[in-house]
Amino acid sequence: MSTHPENYEDVTVYDLDASAEEELLLAHNECTFMWANKEGWPVGVIMSYVWRKGSFWLTASAQRARIHAVRRDPRVSICVT
Numbered sequence: 006m007s008t009h010p011e012n013y014e015d016v017t018v019y020d021l022d023a024s025a026e027e028e029l030l031l032a033h034n035e036c037t038f039m040w041a042n043k044e045g046w047p048v049g050v051i052m053s054y055v056w057r058k059g060s061f062w063l064t065a066s067a068q069r070a071r072i073h074a075v076r077r078d079p080r081v082s083i084c085v086t
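Structure follows, in structure tokens:
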């Protein structure tokens with residue numbers, strides 16, 4: 006009997022416990038930071054991050070468009086791969 010999944014669409018078989026999540030986030034330092042523009046379209050940029058005490062730390066200068074966008078609508082996403 007094979008230990009490989011037969012249904013690759015079912016991602017519920019892949020879990021990430023808290024310890025593995027912490028290890029992953031500490032091992033990497035690059036993410037895609039995503040937000041929405043004025044028209045509601047998604048925008049993303051690759052950024053460096055620091056993971057400390059359960060929080061992502063990123064930096065950007067005040068004149069960046071994403072700063073104004075996030076102040077307008079604070080719903081954002083971060084993707085670490």
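Numbering of the sequence shown is given in my numbering, commencing with residue 6 and proceeding in unit increments. Where is the CB? At the ideal position from N, CA and C, for every residue including glycine.
* Would you say N42 touches the ligand SAH, meaning its beta carbon is less than 6 Å from a heavy atom? -> Summarising the ligand content, the structure contains no ligands, and the ligand SAH is consequently not present.
* Where does S66 sit, in a helix, a strand or coil, going by DSSP? -> coil
* What number of angstroms, rounded off, separates the C-alpha of A67 from the C-alpha of N12? -> 46 Å
* Taking the continuous alpha helix (DSSP H) assigned at E26, which residues delimit it? -> A23 to A32
* For W46: DSSP bridge partner residues -> For W46, which the question treats as bridged, DSSP gives no partner whatsoever.
* Quick one, which of W46, Y54, V75 and N42 has its alpha-carbon nearest N34's? -> Y54
* Can you grab the Cα-Cα spacing for the pair L63 / P10, in whole Å? => 37 Å
* Asked: Under three-state DSSP, which class holds M6?
  -> For M6, the predicted structure reports a pLDDT of 48, less than 50, and the residue's modelled location is therefore unreliable. A value from the coordinates is still provided. Of the three classes helix, strand and coil, the one that applies to M6 here is coil, per DSSP.
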